[in-house]
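Q:
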Amino acid sequence: MAHDTHDIHRSRAEFEFIKRKRATEMRGQLTSFAMMIFLTLIAFTVVAADFSNYLIVPIILLLAAIQVVLQLYNFMHMSNKGHGMMAFFMFSGIFVAFTIVLTMVTIVWW
Amino acid sequence: MSSNSQKKGFGATIWDYMTTVDHKKIAILYLISGGFFFLVGGVEAMMIRIQLMKAGNDFLSAGTYNEVLTMHGTTMIFLAAMPILLAFMNAVSPLQIGARDVAFPFLNSLGFWLFFFGGVFLNLSWFLGGAPDAGWTNYASLALASEGHGIDFYSLGLTISGFGTLIAGINFLVTIINMRAPGMTYMRMPLFTWTTFVASALILLAFPPLTVGIFFMVFDRLFGANFFDVTMGGNTIIWEHFFWIFGHPEVYILILPAFGIFSEIFAIFSRKRLFGYTALVFATILIGFYGFMVWAHHMFTVGLGPTANAVFALATMIIAVPTGIKIFNWLLTIWGGNISFTVPMIYAVAFIPSFVAGGVTGVMQAIAPLDYQLHDSYFIVAHFHYVIVGGVVLAILAGTHLYWPKMFGTMLSEKLGKWTFWFFFIGFHLTFFIQHFLGLMGMPRRVYTFGADQGWDLFNAISSAGALLMAIGVIILLVNVVMTVVKGERVGNDPWGDGRTLEWAIPSPPPFYNFAQTPLVRGLDPYWIEKMEGNKEGMVYAEPLGDIHMPNGSFIPFVISLGMFIAAFGAMYHMDGHVWALPVLIGGLAITFGSMLVRSLKDDLGFHISKEELIADNERIQREARALEGGKKGGLK
Ligand code: HEM
Ligand SMILES: [Cu+2]
Chain A
1 MAHDTHDIHR
11 SRAEFEFIKR
21 KRATEMRGQL
31 TSFAMMIFLT
41 LIAFTVVAAD
51 FSNYLIVPII
61 LLLAAIQVVL
71 QLYNFMHMSN
81 KGHGMMAFFM
91 FSGIFVAFTI
101 VLTMVTIVWW
Chain B
1 MSSNSQKKGF
11 GATIWDYMTT
21 VDHKKIAILY
31 LISGGFFFLV
41 GGVEAMMIRI
51 QLMKAGNDFL
61 SAGTYNEVLT
71 MHGTTMIFLA
81 AMPILLAFMN
91 AVSPLQIGAR
101 DVAFPFLNSL
111 GFWLFFFGGV
121 FLNLSWFLGG
131 APDAGWTNYA
141 SLALASEGHG
151 IDFYSLGLTI
161 SGFGTLIAGI
171 NFLVTIINMR
181 APGMTYMRMP
191 LFTWTTFVAS
201 ALILLAFPPL
211 TVGIFFMVFD
221 RLFGANFFDV
231 TMGGNTIIWE
241 HFFWIFGHPE
251 VYILILPAFG
261 IFSEIFAIFS
271 RKRLFGYTAL
281 VFATILIGFY
291 GFMVWAHHMF
301 TVGLGPTANA
311 VFALATMIIA
321 VPTGIKIFNW
331 LLTIWGGNIS
341 FTVPMIYAVA
351 FIPSFVAGGV
361 TGVMQAIAPL
371 DYQLHDSYFI
381 VAHFHYVIVG
391 GVVLAILAGT
401 HLYWPKMFGT
411 MLSEKLGKWT
421 FWFFFIGFHL
431 TFFIQHFLGL
441 MGMPRRVYTF
451 GADQGWDLFN
461 AISSAGALLM
471 AIGVIILLVN
481 VVMTVVKGER
491 VGNDPWGDGR
501 TLEWAIPSPP
511 PFYNFAQTPL
521 VRGLDPYWIE
531 KMEGNKEGMV
541 YAEPLGDIHM
551 PNGSFIPFVI
561 SLGMFIAAFG
571 AMYHMDGHVW
581 ALPVLIGGLA
591 ITFGSMLVRS
601 LKDDLGFHIS
611 KEELIADNER
621 IQREARALEG
631 GKKGGLK
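So the sequences go chain by chain: A and B.
Last residue of the first sequence? That's 110 in the UniProt record's numbering, and every number before it is there in order.
Last residue of the second sequence? That's 637 in the UniProt record's numbering, and every number before it is there in order.
1) Answer with yes or no whether the minimum CB distance from A/Ile107 to chain B is below 8 Å.
2) Give the residues of chain A in contact with B/Gly305, contact being defined as C-beta atoms less than 9 Å apart.
3) Identify the contact partners of A/Val57 in chain C, using a Cβ-Cβ distance below 7 Å as the criterion.
4) Compare the C-beta of A/Met85 with all C-beta atoms of chain B and state if any pair is closer than 8 Å.
5) Quick one: complete beta strand (DSSP E) runs, 3+ long, within the stretch 524 to 580 of chain B?
6) Does B/Val579 pass the burial test, meaning 16 or more other C-beta atoms within 10 Å, or should it be called exposed?
7) So, using beta-carbon positions, are B/Asp617 and B/Pro511 closer together than 8 Å?
8) Could you give the distance in angstroms between the alpha-carbon of B/Phe437 and the alpha-carbon of B/Asp371?
9) Can you check whether the C-beta of A/Gly82 is within less than 8 Å of a C-beta belonging to chain B?
10) Anything with a beta carbon under 6 Å from a heavy atom of ligand 1 counts; list them all in chain order.
11) Spell out a yes or no on whether the stretch 83 to 101 of chain B and the stretch 64 to 74 of chain B are touching, meaning 3 or more CB-CB pairs, one atom from each, closer than 8 Å.
12) Mapping the DSSP letters down to three states, classify A/Pro58 as helix, strand or coil.
13) Consider the C-beta atom of B/His574 and the heavy atoms of ligand 2; say whether any pair is separated by less than 7 Å.
14) Taking a Cβ distance cut-off of 8 Å, strictly less, list which residues of the stretch 208 to 240 of chain B are near chain A, in chain order.
15) Buried or exposed for B/Asp220, going by 16 or more other Cβ atoms inside 10 Å?
16) Based on DSSP bridge pairs, tell me the residues matched to B/Leu520.
17) Helix, strand or coil for B/His608? Go by DSSP, reduced to three states.
18) Is B/Ala308 close to chain A? Criterion is C-beta to C-beta, closer than 8 Å.
19) Can you name, in chain order, every residue of its own chain whose Cβ lies under 6 Å from the Cβ of B/Ile325, other than the five neighbours on each side?
20) Of the residues B/Lys24, B/Gly570 and B/Phe243, which one's Cα is nearest the Cα of B/Leu582?
21) What residues from chain A crowd round B/Met184, counting only those whose CB sits closer than 8 Å?
22) Report the residue ranges of all alpha helix (DSSP H) runs contained in full by the stretch 297 to 339 of chain B; include only those spanning at least 4 residues, in chain order.
23) Along chain B, which residues have their Cβ under 9 Å away from the Cβ of A/Val68?
24) In the DSSP assignment, the alpha helix (DSSP H) including B/Trp15 goes from what residue to what residue?
25) Which residues in the same chain have their Cβ closer than 7 Å to the Cβ of B/Ile245, if we skip the five residues on either side of it in sequence?
26) For B/Gly546, which residues from the same chain have a beta carbon less than 7 Å from its beta carbon, with the 5 sequence-adjacent residues on both sides left out?
27) Does the distance from the CB of B/Ser463 to the CB of B/Thr484 come in under 8 Å?
28) Taking only beta-carbon atoms, is A/Ile100 less than 8 Å away from chain B?
29) Please tell me whether B/His521 and B/Met184 are closer than 8 Å, where the distance is taken between their beta carbons.
30) Would you identify the three-state DSSP class for B/Met1, choosing helix, strand or coil?
31) Are there 16 or more other CB atoms within 10 angstroms of the CB of B/Glu44, so buried, or fewer, so exposed?
32) Please give me, in chain order, every unbroken run of the beta strand (DSSP E) with length at least 3 that falls completely inside the stretch 86 to 120 of chain B.
33) With which residues is B/Thr410 paired in a DSSP beta bridge?
34) List the whole-angstrom C-beta distance separating B/Phe300 from B/His375, where the pair is believed to meet the contact cut-off of C-beta under 8 Å.
35) Just to confirm, is the Cβ distance from B/Pro551 to B/Phe38 under 8 Å?
36) Listing by chain order, which chain B residues have their CB less than 9 Å from the CB of A/Met104?
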């Protein structure tokens, strides 16, 4: 018996499970990739269609926010296990920053 | 490794502390420097009270009064209260979670030295042309009009020490998330560790706005930008927003660790599990969140409009709810407990009514229309001293007594401690209670004198007398410290006899590696659980005895901070057109970035304590413990 080679023995069920999981993950990545391209197209379209700036800017900001979330979850592994604390801190930070910006916009610069 | 039982020379000890990365020694550094700044701030407070002792006094000129007042507030918040709390966090929370050190020992040391040099820089203003004089809040219209370099000392000094605090906060977050011993789940963490955690999160989110605000201030004053200059299209209110977006969370950064210390004390000296542990944890987190949504209650009279005032008034009042939850939990912890009135417990019991009084005035001020009457009067001064002195400072004094044995291995005198308590406590209420009425009678805050015909003489005289009592209390504490150090009577692991958490299961002071074997935590209050099951060792272990990896000490944090300190002088005097200023600025930055480069390029892999050394050290510890036992039986008690 060789002590320094690691053979990983997986049962048939385990193997199937992992395979299915990888396939789901892959599908998720492809879907979000497609969605991102679609979002980018929308962004270009609203600009090309010459809508009012008051419409374009919020739409693009919204699309950007969706992109960020897609990126984080589907490509940067936030959906995987053990990222709860990280997500909690990120969303707390985003929340705090959002209230500050909202207040500034509504009571200082409006 | 018997290095800590050997006597070292004075120089070697100093060098040891200048290069240490051990959280327990850094705690001592924080305690000594924070304590020093506390005394400086205290002297400034006495000068304020002497000036206001009687009508028309001329002890301080109007200009000097503004400087003393500003430096009192700034020193007490940034250089005394926060660092002393950081001292306890450093000394205790890694032990409470069963860790051998914080996650980034090097950064821990860097955080301390940045704070230290920032504080020294700020205080050098006294000798270099005058201290800042625009209040600790440094409102932009005052600050931009202030002559001399006082305000520059404020902004650069706070930038440097602010970096230090931010680094410390991040370090504790990473430590508490990643370095908990096996079994130490989040919901088994002692409350002091929890409050350290939430306060660190607040530091992480609150200090950047301050840094941004100060950055604008530096640019306005030193490089001619116009962020806050109304005549040039800037907006002076934005400073107020930045300051209070930081400032309100800051007061919670101070009070949460204080709550943590008191939670430990109530449980230990009532010999009971904390009542409502879960509620206390969630109240802490909630307070942390709400803390970011209320800053404009400091700006009700600015003219934000009725809608904004109403929103912020409501948000502010909501904070009183989790705070109230905590108060009831503490009361119910004491209820039916087997109470021993040691000095820490006396402080804790005295804290409850004092802090509640401050909370009640806080809710009064949160009523926006009423605040038009109260704002910028002595009522505000009374409010924040009730919460800060009645909450934070009492916790610091209680914590000093409680954790002194863990940090230094000796016990402060209980008798002198009680004297300190009574002088301080009576003096505190005498000084500040009456200021509520001075405020209601119309005395504005931040005035350097008042007239004899205004009817404020008697109350001001009483207030000054109270301050004298507090000063006497602090002096007795100093005597206590000196006597305890001189006597040097050693104590064992659990000197209070009723410790509940892991720090009391190891020697006082702990060996430099804290735990020879990482403990296994089997529930809330792990040491108490083991004691109750008759486990003599006080711990069960999660690993066999083996080599321990430790970080090397380093002088680099000191040098990095020194470089920033030098660069700050260059930046400041550059404005006056001195030719040497620019080279000093560049030289300072070169030192800072050069030492960072050295740190990055040179591998420092630390060292290992071998199993044999651990066994030998353990024998020494056992021997000392036996000697202590013998000594007790022979003479004392
Ligand atoms: C029940 C909780 C609290 C409420 C509702 C509350 C409310 C307020 C309000 C409305 C003000 C502004 C008053 C004005 O300037 O007109 C204020 C000022 C202040 N509070 Fe509180 N507060 C609370 C707890 C605390 C705590 C726990 C601390 C510190 C540990 C604190 C420290 C301060 C300070 C330092 C100021 C004055 C800042 C300055 O203008 O220099 N407060 N508080
Ligand atoms: Cu506030």
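Don't be surprised by glycine CBs; every beta carbon is placed ideally from N, CA and C.
A: Reading from the atomic positions:
1) By 1-based counting over the first sequence, the position of residue 107 of chain A is 107. Chain B contact via Cβ: present.
2) By 1-based counting over the second sequence, the position of residue 305 of chain B is 305. Under the 9 Å cutoff, chain A gives Ile107.
3) The displayed structure is made up of protein chains A and B, and chain C is not among them.
4) Here the question's residue 85 of chain A lines up with position 85 in the first sequence. At a cut-off of 8 Å between beta-carbon atoms, A/Met85 makes contact with chain B.
5) Counting whole runs of 3 or more residues, the stretch 524 to 580 of chain B contains the beta strand (DSSP E) stretches 548 to 550.
6) Counting from 1 along the second sequence, the entry for residue 579 of chain B is found at position 579. Flag for B/Val579 reads exposed.
7) Along the second sequence, one-based indexing puts residue 617 of chain B at 617. Along the second sequence, one-based indexing puts residue 511 of chain B at 511. Cβ atoms of B/Asp617 and B/Pro511: closer than 8 Å.
8) Taking the first residue of the second sequence as position 1, residue 437 of chain B is located at position 437. Taking the first residue of the second sequence as position 1, residue 371 of chain B is located at position 371. Whole-angstrom Cα-Cα distance: 15 Å.
9) Residue 82 of chain A sits at position 82 when you count from the first residue of the first sequence. Under the 8 Å criterion on CB atoms, A/Gly82 is classed as non-interfacial with respect to chain B.
10) Selection output, chain order preserved: B/Thr137, B/Val251, B/Leu254, B/Ile255, B/His297, B/His298, B/Thr316, B/Ile319, B/Ala320, B/Thr323, B/Gly359, B/Gly362, B/Val363, B/Gln365, B/Ala366, B/Asp371, B/Leu374, B/His375, B/Ile380, B/His383, B/Phe384, B/Val387, B/Ile388, B/Gly391 and B/Val392.
11) With the rule of 3 Cβ pairs closer than 8 Å, the stretch 83 to 101 of chain B does not count as touching the stretch 64 to 74 of chain B.
12) Working through the first sequence from its first residue, we reach residue 58 of chain A at position 58. Assigned with DSSP and collapsed to three states, A/Pro58 falls in helix.
13) By 1-based counting over the second sequence, the position of residue 574 of chain B is 574. No, since every heavy atom of ligand 2 falls outside the 7 Å radius drawn around the Cβ of B/His574.
14) Listed in sequence order: Pro209, Asn235, Ile237 and Ile238.
15) Within the second sequence, numbered from 1, the residue matching residue 220 of chain B stands at position 220. By the 10 Å Cβ count, B/Asp220 comes out buried.
16) The residue labelled residue 520 of chain B in the question sits at position 520 within the second sequence. Beta-bridge partners assigned by DSSP to B/Leu520: B/Val540.
17) Working through the second sequence from its first residue, we reach residue 608 of chain B at position 608. Residue state, collapsed to three classes: strand.
18) Taking the second sequence and counting its residues from 1, one reaches residue 308 of chain B at position 308. Residue-level contact by beta carbon holds for B/Ala308 and chain A, with a gap shorter than 8 Å.
19) Along the second sequence, read from residue 1 onward, the residue named residue 325 of chain B stands at position 325. Taking B/Ile325 as the centre and dropping the five residues before and after it, the same chain places the C-beta of Ala279 and Ala283 closer than 6 Å to its C-beta, in chain order.
20) The count along the second sequence starts at 1 and reaches residue 582 of chain B at position 582. Checked all of B/Lys24, B/Gly570 and B/Phe243; the closest Cα to B/Leu582 is B/Gly570.
21) Residue 184 of chain B sits at position 184 when you count from the first residue of the second sequence. None at all; the shortest Cβ gap to chain A is about 15 Å.
22) For the stretch 297 to 339 of chain B, whole alpha helix (DSSP H) runs of length 4 or above, ordered along the chain, are 306 to 334.
23) As a first step, residue 68 of chain A is located in the first sequence; it is residue number 68 there, counting from the start. What A/Val68 touches in chain B: nothing, since even the nearest Cβ is about 19 Å away.
24) Here the question's residue 15 of chain B lines up with position 15 in the second sequence. Unbroken alpha helix (DSSP H) run through B/Trp15: Phe10 to Thr19.
25) Within the second sequence, residue 245 of chain B is the residue found at index 245, counting from 1. Result list for B/Ile245: Pro209 and Trp295, in chain order.
26) Numbered from its first residue, the second sequence carries residue 546 of chain B at position 546. Within the same chain, B/Gly546 has close Cβ partners Lys611.
27) One-based indexing of the second sequence puts residue 463 of chain B at position 463. One-based indexing of the second sequence puts residue 484 of chain B at position 484. No, the Cβ-Cβ distance between B/Ser463 and B/Thr484 is not below 8 Å.
28) Looking up residue 100 of chain A in the first sequence gives position 100. It does: the Cβ of A/Ile100 has a partner Cβ on chain B nearer than 8 Å.
29) Residue 521 of chain B sits at position 521 when you count from the first residue of the second sequence. Residue 184 of chain B sits at position 184 when you count from the first residue of the second sequence. In the sequence on display, residue 521 of chain B carries Val and not His. For the 8 Å CB-CB criterion, B/Val521 and B/Met184 form a contact.
30) Position 1 of the second sequence, counting from 1, holds the residue named residue 1 of chain B. With a pLDDT of only 37 at B/Met1, under the threshold of 50, the placement of this residue in the model should not be trusted; the figure read from the coordinates follows. Reduced to three states, the DSSP call for B/Met1 is coil.
31) Taking the first residue of the second sequence as 1, we reach residue 44 of chain B at position 44. Around the C-beta of B/Glu44, 16 or more other C-beta atoms lie within 10 Å, and the residue is accordingly described as buried.
32) Correct list: empty.
33) Here residue 410 of chain B corresponds to residue number 410 of the second sequence, with the count starting at 1. The partner list for B/Thr410 (beta bridge, DSSP) reads B/Arg490.
34) On the second sequence, residue 300 of chain B is found 300 positions in, with the first residue counted as 1. On the second sequence, residue 375 of chain B is found 375 positions in, with the first residue counted as 1. Cβ atoms of B/Phe300 and B/His375 come within 8 Å of each other, at about 7 Å.
35) In the second sequence, residue 551 of chain B corresponds to position 551, counting from 1. In the second sequence, residue 38 of chain B corresponds to position 38, counting from 1. Against a cut-off of 8 Å, the Cβ pair of B/Phe38 and B/Pro551 comes out as no contact.
36) Stepping through the first sequence from its first residue, residue 104 of chain A is reached at position 104. Within 9 Å of the CB of A/Met104, the CB atoms of chain B belong to Ile238 and His241, in sequence order along the chain.
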